[in-house]
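In my numbering, the protein residues as written are 4 to 102.
Heads up, the beta-carbon is just placed ideally off N, CA and C, and yes, glycines get one too.
To start, the structure itself, in C-alpha cells.
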C-alpha cells in the first residue's frame, strides 16, 4: 500500500511539472500572463496533454476562464484543476459540462 501511495504522489508531481512547463512555454513574452495571442497555443497544448490522459477539455469554457483571469498563477490553477478533476473557483456556469 505504501508503494502505491508513493507512486501516486510521484505521478501527481510529474503531472504538475508537465502542466507548469506547458503554461510557462505558452507565455512567449514572459509577461506572466496568457495574452490573447498566446491562448490558442496554450489551448492546443493543454488539449493534447489532457487528451493523452483521456481527459476531455471544453475548449470554449477553458478560453472563457482564461479571459476572466489570465494571470499565469490562475491559469496554472485552472489547468491543474481540470487535470485532477477538482472544482474550479469562480466557475459560475450552470451547464455542469466538464471542462
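Expressed to the nearest angstrom, what Euclidean distance is found between the alpha-carbon atoms of residue i and residue j?
{"i": "residue 54", "j": "residue 40", "result": "23 Å"}
{"i": "residue 63", "j": "residue 7", "result": "36 Å"}
{"i": "residue 51", "j": "residue 5", "result": "32 Å"}
{"i": "residue 45", "j": "residue 25", "result": "7 Å"}
{"i": "residue 66", "j": "residue 74", "result": "13 Å"}
{"i": "residue 69", "j": "residue 78", "result": "6 Å"}
{"i": "residue 76", "j": "residue 34", "result": "12 Å"}
{"i": "residue 48", "j": "residue 28", "result": "10 Å"}
{"i": "residue 42", "j": "residue 9", "result": "34 Å"}
{"i": "residue 13", "j": "residue 87", "result": "14 Å"}
{"i": "residue 17", "j": "residue 80", "result": "15 Å"}
{"i": "residue 89", "j": "residue 58", "result": "13 Å"}
{"i": "residue 31", "j": "residue 11", "result": "32 Å"}
Tell me which residues share the same chain as residue i and place their Cβ nearer than 7 Å to its Cβ, disregarding the 5 neighbours each side in the sequence.
{"i": "residue 56", "result": "none"}
Taking the CB atoms as reference points, tell me whether residue i and residue j lie closer together than 8 Å.
{"i": "residue 19", "j": "residue 83", "result": "yes"}
Between which two residues does the alpha helix (DSSP H) holding residue i run?
{"i": "residue 68", "result": "62 to 71"}
{"i": "residue 89", "result": "Looking at the DSSP string, residue 89 is not in any alpha helix (DSSP H), and its letter there is neither H nor E."}
{"i": "residue 36", "result": "Segment: none, residue 36 is in no alpha helix (DSSP H) and carries neither H nor E."}
Just confirm the distance between the C-beta atoms of residue i and residue j, as a whole number of angstroms; I'd bet it's less than 8 Å.
{"i": "residue 22", "j": "residue 60", "result": "Wrong, their Cβ atoms sit about 13 Å apart, outside the cutoff."}
Counting only the same chain and skipping the five closest in sequence on each side, list residues whose C-beta sits under 6 Å from that of residue i.
{"i": "residue 100", "result": "Caution applies to residue 100, whose pLDDT of 46 falls short of 50 and renders its modelled position unreliable; the model cannot decide the point."}
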